[in-house]
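Beneath this line is the structure, given in structure tokens, with notes to follow.
Residue numbers (mature numbering (1 follows the signal peptide of the UniProt record, and there is no 0)): -19 to -1, 1 to 290.
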């Protein structure tokens, strides 16, 4: 009996000693988050009826607020934004966020890396930008209301810009996956947000800028616009582009010289195609002005500032 008790005591002590053993780095990392936190988000489509930017203080001498509203080209529909993979199907994992923190040499900071590894194409359904008065002279987003009244536009609403029509959509195409590296607090990378990846193209079909001078909204400058990488193999690199929030506003820019790119404006029509005036140029009908473009352009040390007034 004594032998049994001694044996049991030895076994118990060995398990106790094992329980008090020091954890290694891998064990600690899995328990305390030393390697950071990874979050994966699976979204293949986002849809909305309209989005508004309300100018809360208007212009000098003006008493009423107004809004710029992004909404569909016609009532009864919504705007869909689709995130597609290389096969043209919706992505399974849109973004992987890796979050970590460090004491740093000049101060602590949080590092957030957002990687869109599956994303090859973003497609946006046709939409328009409208100028709309807010309801009840309110200065909030909810005061805007719908820009549509039945099948037409609400009174006081006018269309300023249209992108896309029918099956033709705004699309953004990538060669190398898009990524953002965000640093909050001290930023040893030099900027709050740094971009990486490479673009293949940005296409804006059926881009129309409207004028109300004629009393209707049929007069417009219309064209098909596109931004393309000059090198179709490597694309237009986003490395070197950055974003900062500073006391004087939002700063966007690029360090150094960009890769070469092409800007194309095709099927440019000023006014209404086919329109004519009998008293002007013997009734000659209006038509396309042709195509315009810049090939192999670069930009050095781009700096852009966005702020309120």
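Ideal placement from N, C-alpha and C gives every residue a C-beta, glycine not left out.
| query | result |
| --- | --- |
| Which residues share a DSSP beta bridge with residue 146? | 149 |
| Report the three-state DSSP secondary structure of residue 263 (helix, strand or coil). | helix |
| Residue 182 and residue 208: beta carbons closer than 8 Å? | yes |
| Does the Cβ of residue 68 have 16 or more other Cβ atoms within 10 Å, making it buried, or fewer, making it exposed? | exposed |
| Exposed or buried, which one is residue 113 when buried takes at least 16 other CB atoms within 10 Å? | buried |
| Hey, how far is the Cα of residue 117 from the Cα of residue 92? | Residue confidence for residue 117 is low, a pLDDT of 46 falling below 50, so the modelled location carries little weight and cannot support an answer. |
| Could you check whether the Cβ of residue 207 sits closer than 7 Å to any heavy atom belonging to the ligand MG? | Absence of the ligand MG is noted for the structure shown, with no ligands found whatsoever. |
| Output yes or no for whether 8 Å exceeds the beta carbon distance between residue 63 and residue 104. | yes |
| Out of 144, 233 and 137, state which residue places its alpha-carbon closest to the alpha-carbon of residue 46. | 137 |
| Looking at residue 278: is its Cβ nearer than 8 Å to the Cβ of residue 241? | yes |
| Tell me which residues share the same chain as residue 250 and place their Cβ nearer than 6 Å to its Cβ, disregarding the 5 neighbours each side in the sequence. | 203 and 269 |
| Report buried or exposed for residue 239, applying the criterion of at least 16 other Cβ atoms within 10 angstroms of its Cβ. | buried |
| Could you tell me the distance, in whole angstroms, from the CA atom of residue 86 to the CA atom of residue 228? | 24 Å |
| What do you get for residue 263, buried or exposed, if any count of 16 or more other CB atoms within 10 angstroms of its CB means buried? | exposed |
| Does residue 130 come out as helix, strand or coil in the three-state DSSP assignment? | strand |
| Under the DSSP definition of a beta bridge, which residues are partnered with residue 52? | 109 |
| Mapping DSSP to helix, strand and coil, what is residue 205? | strand |
| What are the boundary residues of the beta strand (DSSP E) that includes residue 24? | Careful: residue 24 lies outside any beta strand (DSSP E) and carries neither H nor E. |
| Do residue 94 and residue 160 have their C-beta atoms closer together than 8 Å? | yes |
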